[in-house]
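In what follows, a structure is listed as structure tokens, so that the remarks can point back to it.
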Amino acid sequence: MTNLKNLRGMLDLLPAQSKSWQKVESIALEHFSRAGLQEIRTPIIEQTELFARGIGENTDVVGKEMYSFDDRGGRSCTLRPEGTASVARSIVQHGLLNNGPQRLWYRGPMFRYERPQAGRQRQFHQIGVEFVGLASVISDAEVISIAWNFLKDVGLNDLTLEINSLGSNEDRNIFKEELKDWLNQRFDLLDADSQKRINTNPLRILDSKNNSTKELLSEAPSLNDFLSNESKSRFDYLQELLVNLKIPYEINYNLVRGLDYYSHTAFEITSNHLGSQATVCGGGRYDGLIRELGGPQTPSIGWAIGMERLIILAGDKILQSKSPDVYVIHKGEKAEKLALEITCQLRSSNLMIELDYSGSSFSKQFKRADKSRAKWALVIGEDEASKGQLLMKKLRDKQKDEESREYIFLKEDLDQLIKKLIIKENDELF
RNA sequence: GCGGGCGUCGCCAAGUGGUUAAGGCAGCGGCUUGUGGCGCCGCUAUUCGGGGGUUCGAAUCCCCUCGCUCGCCCCA
């Protein structure tokens with residue numbers, strides 16, 4: 096028992112799980128590269144101001160969840176709570192848009208200071224996609240389809256895609272005023288959180304989970320009724336494209352999302368197997384963000400998937416542990432030296448080799464070899480070592496053969512052996 | 001930030017005031033000085049998250065503290 100532990104909400108990824116992560120990540124990378132996306136990596140620490148401006152001062156993420164600190168130079172720094180703001184900053188800073196629209200993906204740890212619970216920790220990992228500089232609705236549909244197909248390919252069923260349109264800034268500003276008036280007339284009926292939000296973030300009241308507020312809101316004006324004709328036709332076209340792609344969706348007019356930069360398309364992919372944190376993927380269009388950060392007006396859309404939640408959903412079906420091709424057993428000083436040499440040689444031919452380190456009896460070493468589920472045991476004892484010989488023994492099929500096959504060969508013939516191992520996996524060696 | 005539940009070996013656990021803290025898995029050693037999947041035998045917590053108190057006596061009762069977990073808010 097040690098006093099030194101991980102910080103709350105910051106989890107170790109242990110070997111038993113890392114295989115699932117690698118598998119999921121490799122599927123994601125495959126999808127991204129087929130879609131022609133390029134990777135971008137940005138620092139996990141940024142100036143606090145980036146998030147305050149990019150995400151919005153009045154959001155929960157900025158208001159109460161940021162890991163912020165002053166560095167030794169007195170600058171306020173923040174561990175990134177999400178990826179989009181950093182990517183946007185990087186694109187502006189390096190003038191990437193001069194090369195045309197950017198179709199990017201990223202992955203990495205994000206940090207939010209919250210109470211951990213099922214599917215939520217303080218350090219979590221997102222994998223995300225950003226299309227920057229594209230206004231067309233087909234980019235909305237494409238971005239959504241990349242997420243959807245990826246999740247399907249990981250093996251997830253029972254997913255729900257929810258979409259909404261937040262309209263243009265103008266649409267939303269008109270609606271906001273209308274909504275504020277309506278809410279102010281009913282101020283006393285609102286819950287305390289919603290009362291506070293009337294002036295700071297009235298749209299989010301629509302998303303309130305408070306039951307009496309919810310009930311009240313069923314009568315409230317709907318953003319959908321305030322969409323301009325252009326916004327409406329965008330939303331209709333997106334739906335048409337999704338239908339055409341056979342991606343099922345539901346419209347959720349209360350889907351607002353917590354970050355200020357969204358406009359027009361907003362979407363979430365949810366699962367009811369995640370406890371109360373149902374969202375596995377969230378995203379939307381953010382046409383104003385790049386300009387907010389000092390760049391040109393640039394239409395953009397993206398999403399982020401929470402890796403931890405994805406892994407929870409993928410469960411064990413994604414897990415396939417590999418077993419070594421050869422388990423190397425040895426005894427004695429000379430043999431030990433030879434065993435290490437052979438092990439390295441075999442590994443450089445892309446074979447998976449496990450070397451025994453125990454120095455215990457052959458019986459024990461064989462037991463471990465068996466447990467490792469290796470296909471072959473390579474035995475090097477004192478006899479072999481002094482004669483420069485190696486002994487290969489087939490494992491795991493004793494019940495089929497009364498006598499298990501053993502092959503003796505010279506150290507010099509190792510190359511030949513390798514070829515045979517690679518080509519004929521489970522068959523006879525000679 | 002606010003509620004509920006819980007903390008006994010690496011993991012899963014029994015034990016709810018009385019001399020030695022079950023059991024299973026994993027690990028290690030042996031039966032078998034150089035040959036595996038089964039089996040059998042043995043070993044592995046001076047200690048019950050930590051601190052303090054009550055008591056002749058505490059893992060078991062009380063207080064404080066730390067941690068975990070689930071939920072609220074919000075999000076991935």
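Here the first sequence stands for residues 96 to 525, where the numbers follow the numbering used here. Ideal Cβ positions, reconstructed from N, Cα and C, are used throughout, including at glycine.
Among the options, whose alpha-carbon lies nearest the alpha-carbon of residue i?
i      : options                           : result
Lys488 : Ser444, Ser128, Arg442 and Asp420 : Asp420
Pro110 : Ile437, Lys417 and Gln484         : Lys417
Ile140 : Gly476, Ser163, Tyr348 and Ala147 : Ser163
Ala315 : Glu272, Ile346, Leu132 and Gly178 : Glu272
Leu102 : Glu265, Gln218 and Ala464         : Gln218
Gly214 : Val351, Lys515 and Leu405         : Leu405
Ser113 : Glu403, Asp451 and Gln440         : Glu403
Ser317 : Ser323, Leu246, Leu274 and Gly454 : Leu274
Leu108 : Arg442, Phe127 and Gln216         : Gln216
Ser263 : Glu120, Ala464, Ser323 and Leu99  : Ser323
Tyr344 : Ser289, Asp253 and Leu301         : Asp253
Leu490 : Leu512, Lys462, Lys515 and Asp478 : Lys462
Gln188 : Asp331, Arg386 and Ile293         : Arg386
Ile448 : Ala464, Phe457, Val249 and Glu120 : Ala464
Asp508 : Leu441, Ser121, Trp471 and Lys247 : Leu441
Ser41  : Glu436, Phe245 and Gly377         : A query on residue 41 cannot be resolved here, the shown segment of the chain reaching from 96 to 525 and no further.
Glu335 : Arg292, Lys100, Glu237 and Asp276 : Glu237
Thinking residue i and residue j are a contact (beta carbons under 8 Å), I'd like their distance in whole angstroms, please.
i      : j      : result
Trp398 : Ala242 : 5 Å
Asp166 : Gly353 : Wrong, their Cβ atoms sit about 27 Å apart, outside the cutoff.
Ile364 : His425 : Wrong, their Cβ atoms sit about 52 Å apart, outside the cutoff.
Thr295 : Asn153 : 4 Å
Ile342 : Ile239 : 7 Å
Ser467 : Gln460 : Contact doesn't hold; Cβ gap of about 11 Å is too wide.
Ala123 : Ile222 : 6 Å
Ser366 : Tyr381 : Contact doesn't hold; Cβ gap of about 24 Å is too wide.
Which word fits residue i, buried or exposed, when buried means at least 16 other C-beta atoms lie within 10 angstroms of its C-beta?
i      : result
Met96  : Low confidence applies here, because Met96 scores a pLDDT of 38, under 50, leaving its location unreliable and the question unanswered by this model.
Gln235 : This sequence places Asp at residue 235; Gln is not what is there. Buried is the call here.
His220 : buried
His359 : buried
Tyr348 : exposed
Leu337 : buried
Ala480 : buried
Glu125 : exposed
Pro138 : exposed
Ile346 : exposed
Arg299 : buried
Ser313 : exposed
Gly410 : exposed
Asp355 : buried
Arg500 : exposed
Look at residue i and residue j and say whether their C-beta atoms are less than 7 Å apart.
i      : j      : result
Gln379 : Tyr357 : Going by the sequence as given, residue 379 is Gly instead of Gln. Result yes, Cβ atoms of Gly379 and Tyr357 sit closer than 7 Å.
Leu473 : Lys506 : no
Val232 : Arg329 : yes
Gly104 : Pro204 : no
Ala469 : Tyr422 : yes
Arg207 : Leu145 : no
Leu278 : Ala361 : no
Gln269 : Phe321 : Checking the displayed sequence, the identity of residue 269 turns out to be Ile instead of Gln. Yes.
Val251 : Leu408 : A quick correction: the sequence has Leu, not Val, at residue 251. Yes, these two residues count as a Cβ contact at 7 Å.
Asp286 : Ser326 : no
Ala180 : Gly149 : yes
Leu446 : Thr438 : no
Leu311 : Leu284 : yes
Glu160 : Glu209 : yes
Ser289 : Ser303 : yes
Trp200 : Phe127 : yes
Ile513 : Ser444 : yes
Val119 : Val249 : yes
| task | For the segment 383 to 397 and the segment 422 to 437, state whether three or more C-beta atom pairs, one from each stretch, are separated by less than 8 Å. | result | no
| How do the segment 161 to 172 and the segment 365 to 375 stand: do at least 3 beta-carbon pairs fall below 8 Å, yes or no? | no
| task | Specify whether the segment 194 to 212 and the segment 225 to 235 touch according to this definition: at least 3 beta carbon pairs, one from each stretch, less than 8 Å apart. | result | yes
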